[in-house]
Amino acid sequence: MDIIKKILGKVFIYSVIIFTIVVSIFPILWIIMSSFKTNGEIMSGPFTLPSSINFDAYKYLFEKYDFLTYTLNSILISFLPTFLSLVFFTMGAYAIAKYEFPGKKLFFALFTMTLLVPVHSRTQPIFSLIVNLNLYNTKTGLMLVYLSSGLAMSMFILKNTFQSIPMELNESAYLDGAGFCRTFFSINLPLAKTGIVTSGVLMFLANWNEFYYANLLISSSKNRTLPVITILFNSMFNYNYTNTFAALVVVVIPGIIFYALAQRQVQESMISSSIKG
33 MDIIKKILGK
43 VFIYSVIIFT
53 IVVSIFPILW
63 IIMSSFKTNG
73 EIMSGPFTLP
83 SSINFDAYKY
93 LFEKYDFLTY
103 TLNSILISFL
113 PTFLSLVFFT
123 MGAYAIAKYE
133 FPGKKLFFAL
143 FTMTLLVPVH
153 SRTQPIFSLI
163 VNLNLYNTKT
173 GLMLVYLSSG
183 LAMSMFILKN
193 TFQSIPMELN
203 ESAYLDGAGF
213 CRTFFSINLP
223 LAKTGIVTSG
233 VLMFLANWNE
243 FYYANLLISS
253 SKNRTLPVIT
263 ILFNSMFNYN
273 YTNTFAALVV
283 VVIPGIIFYA
293 LAQRQVQESM
303 ISSSIKG
């Protein structure tokens, strides 16, 4: 009887795992397969394999609609704010985690409280600020908004990461004559790699997929990002499903690849955070 229960338990667990994997992966595979089909194949058999593999839809996007420009825009607008944010957020989280100073708890509370503020409620002040700075319809204006987009989550992750590093390492370094910079860059920064990578991945993906402010603050085609231009092209293609699916692949795949390259550090950071919690 016990053996039957164990077998049934394993069957149930594996069934749930397989179902979760299929539900997660199938939409992505379906989009990729559909990008290689003709409109007729998509309409007649939406879940069948393509009769042949051709890249005409992708060639059409990059030659006719200059998708390379939009891709480069997305890379620049996503990567640069992520890098600069990590520099400032890492130093700020280190100071909060390792040092005592007046207002420390208040500062951290204010950082984390930004999670409670809806995105749309900040529209008017952000839009007015960007316009008054003469940064409307510029990549710089959008990147300025993205600089603070991952503040709360990044500070939370990085603070916990630095707190997990024993203070005795800093004290030993100070006794050996190391200053603040050497202690931070040579000791703490390498040990906080998983938290830094996790914060960077989350911020980059959030910036890469962001649509609301990219659509609000950019009006010219040459400065648009992939999520915005893809939505606009859905109406321009006039039910050309092949091109639509190809555009979706161009938007989705880079983010998946980026996460896949850093998934080990992200998982380690999440596991360590849950253990500390």
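Residue numbers (the working numbering): 33 to 309. All residues carry an ideal CB built from backbone N, CA and C; glycine is no exception. All figures in this text were calculated on a predicted structure; none of them were measured in a lab.
Comparing C-alpha positions only, which one of Thr-274, Leu-280 and Phe-79 sits nearest to Asn-71? Thr-274
Using a Cβ-Cβ cutoff of less than 6 Å, which residues in the same chain neighbour Cys-342 once the five nearest sequence positions on both sides are dropped? Nothing can be reported for residue 342, as the shown portion of the chain is limited to 33 through 309.
Helix, strand or coil, according to DSSP, for Lys-69 in the structure here? coil
Between the beta-carbon of Leu-234 and the beta-carbon of Thr-262, is there less than 8 Å? no
So, is Ile-53 buried or exposed, given that buried needs 16 or more other C-beta atoms within 10 angstroms? exposed
Under three-state DSSP, which class holds Arg-214? helix
Tell me, to the nearest whole angstrom, how far the beta carbon of Ser-110 is from that of Gly-182; I am working on the premise that it is less than 8 Å. 11 Å between Cβ atoms; not a contact.
Whole angstroms are fine: how far does the CA of Met-145 sit from the CA of Trp-240? 23 Å
Could you check whether the stretch 57–71 touches the stretch 79–92, counting it as contact only if at least three pairs of C-beta atoms, one from each stretch, sit closer than 8 Å? yes
If you reduce the DSSP assignment to three classes, tell me which class Arg-296 lands in. helix
Can you grab the Cα-Cα spacing for the pair Phe-216 / Val-229, in whole Å? 17 Å
Inter-residue CB distance, Ala-128 and Phe-139 (contact presumed, cutoff 8 Å): Looking at the sequence itself, residue 128 is Ile, so the reference to Ala does not match. 7 Å between Cβ atoms; contact.
Quick check on this structure: which residue in Gln-295, Asn-220 and Asn-164 has the alpha carbon closest to the alpha carbon of Lys-191? Asn-220
For Arg-296, which residues in the same chain have their Cβ closer than 7 Å to its Cβ, ignoring the five residues on either side in sequence? none
Cβ contact check for the stretch 241–258 and the stretch 168–184: 3 or more pairs under 8 Å: yes
Determine the contact status of Ala-125 and Met-187, defining contact as a CB-CB distance below 8 Å. yes
Please go through the same chain and pick out, in chain order, the residues whose beta-carbon is closer than 8 Å to the beta-carbon of Met-199, but skip the five residues on each side of it. Lys-130
Cβ-based neighbour list, Thr-257, same chain, cut-off 7 Å, excluding 5 preceding and 5 following: Tyr-102, Asn-105, Ser-106, Ile-109 and Ala-246
One question on the structure: do Val-260 and Leu-93 come within less than 8 Å of each other, judged by their Cβ atoms? no
If you draw a straight line from the C-alpha of Thr-80 to the C-alpha of Leu-161, how long is it? 50 Å
Cα separation between Ile-85 and Lys-254? 31 Å
CB-CB under 7 Å to Ser-218, same chain, minus the five flanking residues each way: which ones, in chain order? none
Using a Cβ-Cβ distance cut-off of 8 Å, determine whether Gly-41 contacts chain B. Absent from the structure: chain B. Only one protein chain is present.
Can you tell which of Val-149, Phe-236, Ser-252 and Glu-300 has the C-alpha that lies nearest to the C-alpha of Ile-289? Phe-236
In angstroms with no decimal places, state the Cα-to-Cα distance between Phe-194 and Ala-205. 16 Å
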